[in-house]
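Novice: Chains as they are written, first to last, in the working numbering: chain W, 1 to 93; chain A, 101 to 193; chain R, 201 to 293; chain X, 301 to 393. Built from N, CA and C at the ideal position, the CB exists for glycine as well. Got a structure for you, written out below as structure tokens; questions coming shortly.
There are 4 protein chains.
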Amino acid sequence: MTRHGTSKDQQLARLRRVEGQVRGIARMVEEDTYCIDVLTQVSAASRALQAVALGLLDDHLAHCVVEAARAGGPEQLAKLREANEAIARLVRS
Amino acid sequence: MTRHGTSKDQQLARLRRVEGQVRGIARMVEEDTYCIDVLTQVSAASRALQAVALGLLDDHLAHCVVEAARAGGPEQLAKLREANEAIARLVRS
Amino acid sequence: MTRHGTSKDQQLARLRRVEGQVRGIARMVEEDTYCIDVLTQVSAASRALQAVALGLLDDHLAHCVVEAARAGGPEQLAKLREANEAIARLVRS
Amino acid sequence: MTRHGTSKDQQLARLRRVEGQVRGIARMVEEDTYCIDVLTQVSAASRALQAVALGLLDDHLAHCVVEAARAGGPEQLAKLREANEAIARLVRS
């Protein structure tokens, strides 16, 4: 997949932020921070990871799935099945 | 969108089952069934609705998005944006 | 569990609304409504079911879990485990 | 809240694993790994974060909510409301 530089940089910036959030949560647990406050940060990190996933999926549909749709045939079927399975995993996680 | 008869029938059968599940949950609440047992049924109905949504999305990618990808241009952009927004709503609901 | 009349009525009203939403979705599929519009309604019904589940859980914590906490011992452990499992099913569905 | 040493250690171990997963995902994006493979890892990290959240919630119900239930009165109401809001955030994230 050829990804636009900006989109890739954005994804990396988001992932570095999520990594920082998870490290912050570990610190909160270590310092016995009040559970509910830790949970609020876990929810925020989960939503941030979700945004990363939706960004990757956008990219995937716009590039791989579009190319496969133009190619048609078994390539198209394979790519659609793969995309559908990834979406299902995301919806269920 | 032209949907295969079978797929449409399957979706309708699933939706009728979900409708029955929701009616069953109402009856459980009415009869003061133990909360946890009601919750188990609500989780089952939610998963069934999720399966309906994933089926609709499959269909949508295989027909509308594929057609738009072949057409290219603004049509393709519009359909991709629309699909991405529907996926995001689903992941977040 | 003794549930307040109002809360029970509210839950039943919500469930009747969800049932109507699901029936509406079936009608949309039957009439070949545009996929994305059907998906929007499925997301709305999912969120409504989620609200029902959160209401039931509220009730359950406020009554069964509180009573079990006052009783203590194995009753408390059993009720906590049950509540945790219901929450996990809900978070994962 | 006084948390058992083991439980706290378990949570910290899980969080360190999630941190490693997120760093691994960033590396995959950097190296232009195939989208679907990156998405699979994002789903795994999301589920791992969810397990952390469910563990924290277990702990919270077993300690804070149980204590508040025994104290009764406004303390109980406040803790229940707080727990319900945390569960709702979790279910919706």
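With burial defined as no fewer than 16 other Cβ atoms inside 10 Å of the residue's Cβ, what is the status of glutamine 21(W): buried or exposed?
Specialist: Counting Cβ neighbours within 10 Å, glutamine 21(W) comes out buried, since at least 16 surround it.
Novice: Does alanine 126(A) have its Cβ less than 8 Å from a Cβ in chain W?
Specialist: Output row for alanine 126(A): interface = no.
Novice: In whole angstroms, give me the CA-to-CA distance for leucine 339(X) and histidine 63(W).
Specialist: So the two alpha carbons sit approximately 15 Å from each other.
Novice: Which ranges would you report for the alpha helix (DSSP H) in the region 202 to 269 of chain R if only whole runs of at least 4 residues count?
Specialist: For the region 202 to 269 of chain R, whole alpha helix (DSSP H) runs of length 4 or above, ordered along the chain, are 205 to 230, 235 to 260.
Novice: So, is leucine 77(W) buried or exposed, given that buried needs 16 or more other C-beta atoms within 10 angstroms?
Specialist: Under this definition leucine 77(W) is an exposed residue.
Novice: Indicate the three-state DSSP secondary structure (helix, strand or coil) for glycine 73(W) in the structure shown.
Specialist: DSSP places glycine 73(W) in helix when its eight states are reduced to three.
Novice: Are the C-beta atoms of glutamate 182(A) and some chain R residue less than 8 Å apart?
Specialist: Glutamate 182(A) counts as touching chain R.
Novice: Where methionine 128(A) and alanine 145(A) are concerned, what is the direct C-alpha to C-alpha distance, given to the nearest angstrom?
Specialist: So the alpha carbons of these two residues sit roughly 14 Å apart.
Novice: For glutamate 77(A), count the other beta carbons within 10 Å of its own beta carbon; 16 or more makes it buried, fewer makes it exposed. Which is it?
Specialist: Given a span of 101 to 193 for chain A in the structure shown, any question on residue 77(A) remains unanswerable.
Novice: Taking C-alpha atoms, which residue in Val342(X), Gln310(X), Leu357(X), Val318(X) lies nearest to alanine 54(W)?
Specialist: Checking the displayed sequence, the identity of residue 54(W) turns out to be leucine instead of alanine. Leucine 54(W) has its Cα closest to that of Val342(X), out of Val342(X), Gln310(X), Leu357(X), Val318(X).
Novice: Note down, in chain order, each residue of its chain lying with its Cβ closer than 6 Å to the Cβ of leucine 390(X), except the 5 sequence neighbours on either side.
Specialist: Within the same chain, leucine 390(X) has close Cβ partners Ala353.
Novice: Taking 8 Å as the threshold (beta carbon to beta carbon), is isoleucine 187(A) in contact with chain W?
Specialist: Yes, isoleucine 187(A) counts as interfacial toward chain W.
Novice: For aspartate 137(A), which residues of its own chain have a beta-carbon under 8 Å away from its beta-carbon, when the five flanking residues on both sides are left out?
Specialist: The answer, listed in chain order, is Met128.
Novice: Could you name the residues of the region 164 to 177 of chain A whose beta carbon sits closer than 9 Å to any beta carbon of chain W, in the order they occur along the chain?
Specialist: So the close ones are Val165, Val166, Glu167, Ala168, Ala169, Arg170, Gly172, Gln176, Leu177.
Novice: Applying the 10 Å Cβ sphere with the 16-neighbour rule, what's the burial state of histidine 304(X)?
Specialist: Note on histidine 304(X): pLDDT 41, under 50, position unreliable in the model; no value is reported.
Novice: Kindly indicate if chain R contains any beta-carbon less than 8 Å away from that of glutamate 131(A).
Specialist: Taking Cβ atoms only, chain R never reaches closer than 8 Å to glutamate 131(A), which makes this a no.
Novice: Within the 8 Å Cβ cut-off, does alanine 162(A) reach chain W?
Specialist: Closer than 8 Å: yes.
Novice: Listing by chain order, which chain X residues have their CB less than 8 Å from the CB of alanine 53(W)?
Specialist: Neighbours of alanine 53(W) on chain X, chain order: Leu339, Val342, Ser343, Ser346.
Novice: Can you tell me whether glutamine 110(A) is buried or exposed, with buried defined as 16 or more other CB within 10 angstroms of its CB?
Specialist: Exposed: under 16 other Cβ atoms inside 10 Å.
Novice: Rounded to the nearest angstrom, what separates arginine 214(R) and glutamine 250(R) at their Cα positions?
Specialist: C-alpha separation (whole angstroms): 11 Å.
Novice: What do you reckon, are the CB atoms on alanine 83(W) and leucine 61(W) nearer than 8 Å?
Specialist: For alanine 83(W) and leucine 61(W), yes; Cβs fall inside 8 Å.
Novice: When you compare the CB positions of aspartate 59(W) and serine 93(W), do they come within less than 8 Å of one another, or not?
Specialist: No.
Novice: Given that glutamine 50(W) touches chain X, what residues does it touch there, using C-beta distances under 9 Å?
Specialist: What glutamine 50(W) touches in chain X: Val342, Ser346, Ser393.
Novice: If you measure from the beta carbon of leucine 256(R) to each beta carbon in chain X, is any gap under 8 Å?
Specialist: No, no contact with chain X.
Novice: Name the chain R residues whose beta carbon is nearer than 8 Å to that of leucine 315(X)?
Specialist: Result: empty, since nearest Cβ-Cβ is about 18 Å, beyond 8 Å.
Novice: Sorted by chain position, which residues of the same chain lie with C-beta nearer than 8 Å to valine 118(A)'s C-beta, five sequence neighbours on each side aside?
Specialist: Ala145, Ala148, Leu149, Val152, listed in sequence order.
Novice: Cβ of glycine 373(X) versus every heavy atom of the ligand SAM: is any distance shorter than 7 Å?
Specialist: Among the components modelled here there is no ligand, and therefore nothing to report on the ligand SAM.
Novice: Glutamine 211(R) touches chain A at which residues, Cβ-Cβ below 7 Å?
Specialist: Those are Val129, listed as they occur along chain A.
Novice: Tell me the rounded alpha-carbon separation between alanine 88(W) and arginine 381(X).
Specialist: Cα to Cα, alanine 88(W) sits roughly 33 Å from arginine 381(X).
Novice: I need the straight-line Cα distance from leucine 212(R) to valine 165(A), nearest angstrom please.
Specialist: Roughly 39 Å between the two C-alpha positions.
Novice: So, alanine 326(X) versus arginine 270(R), is the Cβ gap smaller than 8 Å?
Specialist: For alanine 326(X) and arginine 270(R), no; Cβs fall outside 8 Å.
Novice: Of all Cβ atoms in chain W, is any one closer than 8 Å to the Cβ of lysine 108(A)?
Specialist: It does not; no Cβ of chain W falls within 8 Å.
Novice: For the candidate residues Glu75(W), Thr33(W), Glu67(W), whose alpha-carbon lies nearest to that of glycine 172(A)?
Specialist: The option with the nearest alpha carbon to glycine 172(A) is Glu67(W).
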